[in-house]
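See below for the structure under consideration.
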Amino acid sequence: MRPGAAKKAHLSRPMRGRAPLLDGMVVPTLIVLALIIGYPVVSTLMLSVQQYDLINDAAPSYVGMRNFSDIASDQIFWTAVKNTLIYTFGTVFVAAFLGAAMALMLENLNGPFGNAARAIVVSPWAVPFVVVAFLFRFIYMQKGGVLNAVLMHLGIIEAPIPWLNDSDLALPAIIVANIWTTTPFFFLLVASSLSGIPDAVLESARVDRAGTWATLYHIKLPYMRNPLVIGSLLMIIANFNDFAKVWVMTQGGPGFSTTTLVVYVYRMAFENFRLGYASALGVIWLILLLVTAALYFRLLRGRD
Amino acid sequence: MARIRMSRRVLMLSAAVFAALPAMAQDITLTFANWATAEATTRDGMEQVIARFEEANPGIRIDSQAIAFPEIGRQMVLRIRSGNPPDVAQIAGNDTFLLAASGGLQALDDYAGETLATLKPGSYAPFQTEKGLVAMPWNQAPAGFWFSRDILKGAGLDPDNPPATIEDLNAAMAKVKEAYPDIIVLGMDTTNRAFSLQSNWPWMRAFGALPIGEGATGADTPEMKAYLGWMRMLAQEGYIDPGRKIGEFRPLIAQGQVAFLWDQVLVQGVIQNASGIDDATFNAQFGVAPMPAGALGSGYSFEGGHQLVMFDKSAQKDAAWKFINYLATDEAAAKLYTVDTNRSIPPAASFADPELAASLDTPVIEAFSTSIIPTITPEPFGPDFATAATAIMAGVQEAVTSDRPIDDIAADIQSQLDR
Amino acid sequence: MADIRVAGVEKDYGALTVLHDCNLEIRDNEFIVLVGPSGSGKTTLLRLIAGLEPISRGDMYFDETRVNDLDVSDRDIAMVFQNYGLYPHMSVFENMAFSLRRRGLDRQQIDAKVRNAAELLNLSDYLQRRPKQLSGGQRQRVALGRAMVRDPEVFLLDEPLSNLDAQLRVQMRHEILRVHQRVKATAVYVTHDQVEAMTMGDRIVVMHQGRIQQVGTPEELYDQPCNRFVASFIGTPAMGFVAARRAGEGGLGTATGEVAISAAQAQRIGARGNLTIGIRPEHITLGEVAGQAQLSATVEMVEMLGAEQYVHCRLGPDEMLTARMPRTAGLRPDQKVTLSIDMDAVHLFDAETEAAL
Amino acid sequence: MTDAGRQGFRHRQSAGRRIGRGLQFAGLGFALLWTLAPLYWMVATSLKTELEATQLDPTLFPHSITLQNYTGLAGGSLPFMQFFVNSVLTCLVAAIVAVVIAIPAAYALSRAKFRAASQVGYLILIVRMFPMVVLLAPLYLILLTTGLLDTHFGLIVGYTTFGLPFAVWMIKGFIDAVPIEIEEAARVDGYPRWQILLRIVVPLIYPGLITTGIFVLMEAWNNLIYPLTFITTLDKQTLPAALQLTFTGQFKTDWGGMMAASVVTTLPLMIAFFTVQRSMVRGLTAGSVTGT
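Structure (structure tokens):
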């Protein structure tokens, strides 16, 4: 029904016309979005072709595409892109796998123990990121960190490992912490999709004498797939944006080995005060995002 | 035309306001941005000093704005740009020069004229720039080479004579490591932030490296590589615990788990707070010396003290100066805050209050005054320091935490610095 | 007091036209039933009358007022939905009172009206319950009550009984008719069940593929279906069809023999060559009856209903006839039988246009 | 299948099942250890004295349990309670604002009969994916020029940038599940759209709104970059940012106090989370499944 038709009942406007372009009800939201996101995006675009260093008194000056050509040759930018991809996909894939495994293990466990176990495995999701970051930084400390202490007491390692202070280990170490907080999300997702499988389907699988693995592969996996795809996308978005963990644990170091795009943009904008350059980084990121989104939509459409 | 008319109206309006002013002229509110009230250790002391100042100056109220230490430089730059800086701010390290470069500070020469004569000359010299005196020294907190006498003794070293050269240091560290395999042999800050470069700069200078600043030779030099190689050796031998901020070593040295610590004068207070030992015990257990001498035949130090700055946008500069001067030179304030709370050294050359003078007459202060402060080396502070720090400290971290050839790392730092 | 006039109404969904040139006049107080198979457009037409959807082309009048642009909330209608559309978060009382509140009635009036309706529908004991706590029949009655309390001019019901079991359905039919008599409103009732349509409607509108096929009383539709679709749709068991072609002056040839026709029938057929004979089950007799046409067939299935039985017979690969007759013993599947047809009662349809002749 | 074969089959099955059971419990043990160990460490450290918490060879169990880290938070010189209130206030308001603004749009999108519906839907989806840090600099400049920098209002605006699109999407999913007949019944009963939204749809999706609100609240609570950038005065700072700013101060890092503060920072979120955890996943994924 056309919006506002009730009020305009006496106006004999022909109903033959096409549907209206916009619904009045989305307008307030669109206005707010335009103000708080649209405008900033436009100014990002404008800033990206300027040299605007807050530290100088000089007014912003137009530099055309120079920021972009600088980025192309900026080794750290490419390191940051690589780190972001590793960080995001490493986290999401492992967490999805662990979460699904845990959900399957707990699926048929009822009673107080099952409920307690479920409550426990989801609890990391409610731990604020900053707390996760501090907690794992504390756990990971080379000397005085509990992880090294335990591993040494158990005789697994000889000397303390500099988890966050080794260029090769730091990123995986942060990813492990991130997996810890992300796994419950996938656990919940898979657990709820498993509980959505109609009993009749599982029973007929049993009648057909399908074994545990066959049931998992042929029955449960198809039910889990869609939620996993969507959940993964949500988490990929969230992890692309994740700032707190890296910033608190390593601030992008050692070297640039854990510098992700968020950290790099933040440093550029608010430590080096190079707003123009930071905005150009943002524009490139935006383009990458739109491409990813387009691919995702195509994927989703194709499957339907 | 319009603008002229406008400004006349503004003028008339101001006149009207000023006419009404005398009644409320007593009530000046100064905004004071600082991190002293943002930290549990110093908040009480700072608030007490402010209360005393307000008591002594009934017309002036202090609006203390707590801003965390790592944030204050950025916040001040941003607030200068947005035209709403505070009247006075606590500032330190490169941030002081960052603000000076950004052009938002009031030169203090006219205000500080006579006062400067009562200060130790070295305490304010670094802040006399071509823009004038950009900051007033509040306290001095240079870094020294702290050592634990107990550990040295236990490792078979002379507890009263810490290593005087880097070669001596290397040998001493090997002995300590052998005797105490689980402790941190040398505490130094290897995080990636501007303060880390400030803290490591004297070590680089000890190796003769001068990657940035006046007369810079760059990062791709034999001296810089020697420094990076030494840092790598420290990590490989397990002497240092990379990635810790300097503050994280302090509770550890208090527990006897750090042998040498490259840290500021205030560490004595932190140790005594944490372990509850008295002065005599402290001096029996810990000592401080100048940095071991490197290739240039000397060690260096850096000034880690805090300064006070006034912003040129301030509408009440006289009151602001009154406050700055009080914090920096009033003896009661110095005793209550600078010495007892902040555990650092007031910039004044001498003190009238004998108790204050006595409290500063300690072996540690003595060591700082006579042998460490003279080795303070200027730092390449300025607008580019933070960017350079990111590049250099990233290189240092790489040297410490990876196996990449030092030559490559040095070349990388240089290419970052060239950008 | 409302006649409803539907004049040339059409409805598009995107590029698809789901209603074609609908013309219909519903008289005041009439109980009219829209019937047709699913997808025939009956519910769409009802929703256009309700004003829940805009009309694409054509006009709709309530009395003399054109209501095309009148929103549902401004047409004086009440509607009962297929899934009842009760407000889950409101009590039965609140559900019924909701529309009255909108009209600004005072509390006593609302209370009186709701209690009155509840009493009529045996709902008085359930007024404080939520819909979730009621049985299907009770929910159905709440939906009726909600429509009743408004004293609407037009009363629309969209397959209101489809979610009930068979017994309850019969009971509710009476309930609905009783309510209709009380509220004296024009009622438009949608169903896919022709029995429901036949038993309830003053007049019936048969719809198929988005078009109104025929409008008439139950008797008219049964006796004079205007085309093969209506003929097949109305009546249980359904009318059987036999393909035929003209054979000589007074006869028609079918797959299993020739049958004679009357002069009147011959005249109606005119020059047409191919046609379809429609035969209702009650016009078929087993065995030879003098003066009737005979067709030979094979018994396929016998459906026992107690007093009577339906015998489904196959004439050819695509032709079936059902005979309705008193119980007779001894009929077995695959038995060859002779069927006698009362040719005066058969319906003739043009084989191409399927229109009745 | 012969009897013997069937027998063997059943035998294999039960042996396999026993191994499966063993694996299941081993896996479960690992999952619980993996989840609980860090949480245990947080709580245990928060109960240690300062010296014990910073020891180079950490103690697995606190030697002498002390609450001094907690009393230090409440009675210490830093306005810890103020941080807590700041966080609760800004996150709660942001959640409410996001949900309230999102409701009409989510409704319109769910019952879309306007031509730009799919474009608006995509727009919201893309905005939901937006990298927050890209908005950081311009948002900062906007808040600066409007004088909203260092105000809770400005921070709430920041939170709304990601909260609003999230809320639209989730609420749309919940509204999709409301049968259209109920709304049509209300139209027949004479109610205009806004009233139907308020009196019928909103009460029906109330649990979904709570879920959405808590989700936005959690996201805001987790956010570090916005408070770090938009709030400059410590007394106005949120809990997570204050954690980052005050416990690694000029003097030392106080792990015991930090862990106590972490426990306190975590608790409200835990409570909020466990109240809605079930419907949260449904809401999160429902929007995405039905929306595209």
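Chains A, B, C and D, in that order, are what the protein sequence lines are. Be aware that the first sequence starts at 101, since it is given in my numbering, and climbs by one per residue. Be aware that the second sequence starts at 218, since it is given in my numbering, and climbs by one per residue. Be aware that the third sequence starts at 22, since it is given in my numbering, and climbs by one per residue. Be aware that the fourth sequence starts at 284, since it is given in my numbering, and climbs by one per residue. Cβ coordinates follow ideal geometry from the N, Cα and C atoms, glycine included.
- Judged by pairs of C-beta atoms under 8 Å, the region 404 to 424 of chain D touches the region 441 to 448 of chain D, as three or more such pairs exist.
- Tyrosine 517(B) is classed as buried because its beta carbon has at least 16 other beta carbons within 10 Å across all chains shown.
- Every candidate beta strand (DSSP E) stretch fails here, since none sits fully inside the region 312 to 372 of chain D while reaching 3 residues.
- With respect to chain A, the C-beta atom of isoleucine 284(B) has no partner C-beta closer than 8 Å.
- Of all alpha-carbon atoms in Leu334(A), Tyr139(A), Asn156(A), Ile319(A), the one lying nearest the alpha-carbon of glycine 599(B) is that of Asn156(A).
- Nearest to isoleucine 297(B) by alpha-carbon distance, out of Ser531(B), Leu577(B), Ile562(B), is Ser531(B).
- Within chain A, not a single residue places a beta-carbon under 9 Å from that of arginine 304(D); the smallest gap is close to 10 Å.
- Nearest to leucine 388(A) by alpha-carbon distance, out of Ala385(D), Ile409(D), Met364(D), is Ile409(D).
- Put simply, the backbone Cα of threonine 318(D) is about 15 Å away from that of phenylalanine 308(D).
- A Cβ-Cβ distance of about 19 Å is found for the pair alanine 555(D) and isoleucine 488(D), leaving them out of contact under the 8 Å criterion.
- Residue contact with chain A for valine 410(D): present (Cβ-Cβ distance below 8 Å to some residue of chain A).
- If you draw a straight line from the Cα of leucine 522(D) to the Cα of threonine 558(D), it is about 22 Å long.
- Pairing leucine 528(D) with serine 545(D) gives a Cβ-Cβ distance that is not under 8 Å.
- If you check each beta-carbon in the region 327 to 354 of chain D against every beta-carbon of chain B, the ones closer than 9 Å belong to Glu333, Leu334, Ala336, Thr337, Gln338, Leu339, Asp340.
- For the region 587 to 613 of chain B, the beta-carbon criterion of a distance under 8 Å to any beta-carbon of chain A is satisfied by Pro600, Ala603, Thr604, Thr607, Met610, Ala611, Gly612.
- Taking C-beta atoms as the reference points, alanine 388(D) and leucine 500(D) fail to come closer than 8 Å.
- Residues Thr246, Thr248 of the same chain have their beta carbon placed closer than 6 Å to that of aspartate 280(B), with the five preceding and five following residues left out of the count.
- Nearest Cα to asparagine 352(D) within the set Thr373(D), Thr328(D), Leu343(D), Leu339(D): Thr328(D).
- Glutamine 192(C) counts as exposed, since fewer than 16 other beta carbons sit within 10 angstroms of its beta carbon.
- DSSP places cysteine 334(C) within a strand segment (E or B) once states are collapsed to three.
- DSSP, read as helix, strand or coil, puts lysine 462(B) in coil.
- Along the region 465 to 489 of chain D, going in chain order, the ones with a CB nearer than 9 Å to a CB of chain C are Ile465, Glu466, Glu467, Ala468, Ala469, Arg470, Val471, Asp472, Gly473, Tyr474, Pro475, Gln478, Arg482, Ile483, Pro486, Leu487, Tyr489.
- Note that the C-beta distance between valine 93(C) and arginine 476(D) is not below 8 Å.
- Comparing alpha carbon positions, the residue from Leu154(A), Trp178(A), Phe168(A), Thr184(A) closest to methionine 293(B) is Leu154(A).
- At a cut-off of 8 Å between C-beta atoms, asparagine 167(A) does not count as an interface residue with respect to chain B.
- Taking 3 residues as the minimum length, the beta strand (DSSP E) runs contained wholly in the region 445 to 504 of chain B are 475 to 481, in order along the chain.
- Secondary structure of serine 169(A) (DSSP, three-state): helix.
- One Cα belongs to alanine 603(B), the other to asparagine 417(B), and the distance between them is close to 14 Å.
- 8 Å or more divides the Cβ of leucine 67(C) from the Cβ of isoleucine 76(C).
- Under the 8 Å criterion on CB atoms, alanine 233(A) is classed as non-interfacial with respect to chain B.
- Cβ proximity to chain A below 9 Å picks out Ala452, Gly455, Asp458, Pro459, Gly460, Arg461 from the region 449 to 464 of chain B.
- The C-beta distance from arginine 162(C) to leucine 144(C) rounds to 6 Å, short enough to meet the 8 Å contact threshold.
- If you check the CB distance, valine 556(B) and glycine 361(B) do not come in under 8 Å.
- Along the region 379 to 394 of chain B, there is no position whose C-beta sits under 9 Å from a C-beta of chain D.
- Fully contained in the region 265 to 302 of chain B are the following beta strand (DSSP E) runs of length 3 or more, in chain order: 277 to 283.
- The beta carbon of valine 305(B) sits closer than 8 Å to the beta carbons of Leu247, Thr248, Phe249, Ala250, Leu525, Val526, Met527, Phe528, Ser531, Ala537, Phe540, Ile541 from its chain, once the five residues preceding and following it are set aside; these are given in chain order.
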